[in-house]
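So the sequence shown is residues 4 to 399, counted in the numbering used here. This report concerns only the one structure given below.
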Amino acid sequence: MPLIINTNVQALNAQRNLGATGAKMGKALEQLSSGLRINRAADDAAGLAISEKLRSQVRGLNQGARNAQDGISMIQTAEGALNEVHCMLQRMRELAVQAGNSTLGANDRTAIGEEMLTLTNEIDNTASRTKFNGLSLLTGALSTSNAGTGTLAVGTALATTASATVSAVDVSKLKAGTTYTFTKVDSDTARLSDGTTSVDVDIADATLAADGALTISFSGAHQASITVVGASAKTTDDVLTDLNGLTIITSGGSGTATYQVGAQSSDTITVDYADMRSAAIGTGGSEIGVLVTDNTSVSTVAKANTLLASIDTSIQDVSTQRAKFGASQNQIEAAINSLGVAAENLSASESRIRDADIAQVSTKLVSAQIMQQAGVSVLAQANSSAQIVSTLLQRM
Numbered sequence: 004m005p006l007i008i009n010t011n012v013q014a015l016n017a018q019r020n021l022g023a024t025g026a027k028m029g030k031a032l033e034q035l036s037s038g039l040r041i042n043r044a045a046d047d048a049a050g051l052a053i054s055e056k057l058r059s060q061v062r063g064l065n066q067g068a069r070n071a072q073d074g075i076s077m078i079q080t081a082e083g084a085l086n087e088v089h090c091m092l093q094r095m096r097e098l099a100v101q102a103g104n105s106t107l108g109a110n111d112r113t114a115i116g117e118e119m120l121t122l123t124n125e126i127d128n129t130a131s132r133t134k135f136n137g138l139s140l141l142t143g144a145l146s147t148s149n150a151g152t153g154t155l156a157v158g159t160a161l162a163t164t165a166s167a168t169v170s171a172v173d174v175s176k177l178k179a180g181t182t183y184t185f186t187k188v189d190s191d192t193a194r195l196s197d198g199t200t201s202v203d204v205d206i207a208d209a210t211l212a213a214d215g216a217l218t219i220s221f222s223g224a225h226q227a228s229i230t231v232v233g234a235s236a237k238t239t240d241d242v243l244t245d246l247n248g249l250t251i252i253t254s255g256g257s258g259t260a261t262y263q264v265g266a267q268s269s270d271t272i273t274v275d276y277a278d279m280r281s282a283a284i285g286t287g288g289s290e291i292g293v294l295v296t297d298n299t300s301v302s303t304v305a306k307a308n309t310l311l312a313s314i315d316t317s318i319q320d321v322s323t324q325r326a327k328f329g330a331s332q333n334q335i336e337a338a339i340n341s342l343g344v345a346a347e348n349l350s351a352s353e354s355r356i357r358d359a360d361i362a363q364v365s366t367k368l369v370s371a372q373i374m375q376q377a378g379v380s381v382l383a384q385a386n387s388s389a390q391i392v393s394t395l396l397q398r399m
């Protein structure tokens with residue numbers, strides 16, 4: 004081996020290898036301190052991309068599970084309120100059965116009618132008070148469009164004008180000889196005369212301006228009803244006022260709540276929240292809110308029997324809605340369980356890609372430390388060759 008003074012190749016080689024060993028030690032220490040195999044894209048570009056995709060899925064699933072829990076809370080709020088409505092309806096049915104007995108006097112029937120009216124009002128109050136995070140759940144006003152079918156029932160023979168924002172109007176149970184006038188906001192008018200048992204009326208282009216109104220005028224009606232379909236107002240429980248100052252309420256049909264229960268936009272569960280106020284439950288044209296307007300709702304046996312039939316239908320309506328809530332809650336709970344399993348599996352996959360194997364990294368660190376110690380010794384020996392040349396020159 005030649006002895007060279009200007010360039011110590013052996014020392015340079017030892018220094019380079021020592022630097023590489025130091026880099027390995029630094030990488031091992033970084034992985035041990037962070038617990039991650041991939042700390043930057045340069046560590047594993049493809050692995051980092053896959054890991055980030057899996058991580059976004061996991062976070063989406065976890066948020067979906069939290070959304071689902073909120074959905075369950077919302078359903079439980081509505082279902083709990085309907086339980087109270089059920090109790091009130093059962094009491095009203097008991098009173099209706101009692102009023103069907105001819106042994107009662109006028110004062111007795113008035114007292115029963117007063118309680119009927121109070122319970123009916125409380126059903127409406129319960130529906131109006133039932134909210135979740137400021138959202139009304141039992142008035143049919145949960146969604147802002149496509150609200151479904153509700154009923155505007157008119158129990159007076161006086162001429163009435165009411166305003167509402169609607170997209171279609173169905174007229175049923177019309178009395179012969181009655182005139183119905185439909186006026187759009189642009190003053191176009193469609194007139195229906197001499198109605199029969201069931202008549203359908205379509206008005207084209209019924210979308211109205213925000214401050215516009217669809218005016219429905221009729222006279223000489225007896226127990227007439229108008230069904231408002233697909234209300235497009237911000238809320239479907241519009242309060243309408245006739246010319247005499249009487250208040251009429253359009254029932255909102257049903258609103259829809261969509262729960263995002265997964266990492267993808269398609270991972271949704273839809274729950275319908277129907278209008279559960281007294282004017283919306285019962286049979287068409289004979290809803291409780293129509294039959295019970297004062298303390299004379301059970302003034303005769305016939306009225307009591309009619310109200311009893313309506314209450315039975317109302318109880319069935321509430322039972323059906325509660326059953327839907329129960330089924331939806333079970334569906335959401337099943338989704339939560341599935342989300343947990345999916346998040347667990349994806350987390351395990353992401354961990355295998357991104358997390359460091361501590362045992363393996365520790366072994367690499369020990370190996371690098373040994374190599375570093377050896378490299379220092381070799382570098383010292385390589386540097387000693389120059390001293391040998393110096394010694395030879397001194398002896399010359």
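Ideal Cβ placement from N, Cα and C applies to all residues, glycine included.
- Runs of the alpha helix (DSSP H) spanning 4 or more residues and lying entirely within the region 318-351 do not occur at all.
- Distance from the CA of N86 to the CA of N348, rounded to the nearest whole angstrom, comes to 40 Å.
- DSSP, read as helix, strand or coil, puts D275 in strand.
- Nearest to G108 by C-alpha distance, out of T303, T259, T316, L92, is T303.
- Judged by their CB atoms, T24 and Q375 are nearer to each other than the 8 Å cut-off.
- Taking the C-beta atoms as reference points, I78 is found no nearer than 8 Å to S269.
- In the structure shown, L294 adopts helical secondary structure according to DSSP, grouped into three states.
- The C-alpha of T106 lies about 12 Å from the C-alpha of V100.
- Scanning its chain for C-beta atoms nearer than 8 Å, with the 5 sequence neighbours on each side dropped, one finds around N16 the residues A385, in chain order.
- By the criterion of a C-beta distance shorter than 6 Å, A345 is surrounded in its chain by L64, once the five residues flanking it on both sides are discounted.
- In this structure, L140 is the residue among A26, D297, L140, A114 with its C-alpha nearest to the C-alpha of A84.
- Residue state for G143 is assigned as coil, using DSSP reduced to three classes.
- Residues of the same chain with a CB within less than 7 Å of the CB of I115, apart from the 5 flanking positions on each side, are L98, Q101, A102, V301 in chain order.
- Annotation: the region 12-50 contains the following complete segments of the alpha helix (DSSP H) (minimum length 4 residues), in chain order: 12-37.
- Only residues of its own chain outside the window of five on either side were considered, and among them L382, A385, N386 have a CB closer than 7 Å to the CB of A14, listed in chain order.
- For L396, the three-state secondary structure derived from DSSP is helix.
- Note: A260 is bridge-paired with V274 in the DSSP secondary-structure output.
- With respect to I356, S54 sits close: the two C-beta atoms are nearer than 8 Å.
- Judged by beta-carbon spacing, E125 lies within the 8 Å limit of M91, meaning their Cβ atoms are closer than that value.
- Selection L368, G265, S313, T394 evaluated against L342 yields G265 as nearest (Cα-Cα).
- For I126, the uninterrupted alpha helix (DSSP H) run begins and ends at 109-132, by DSSP.
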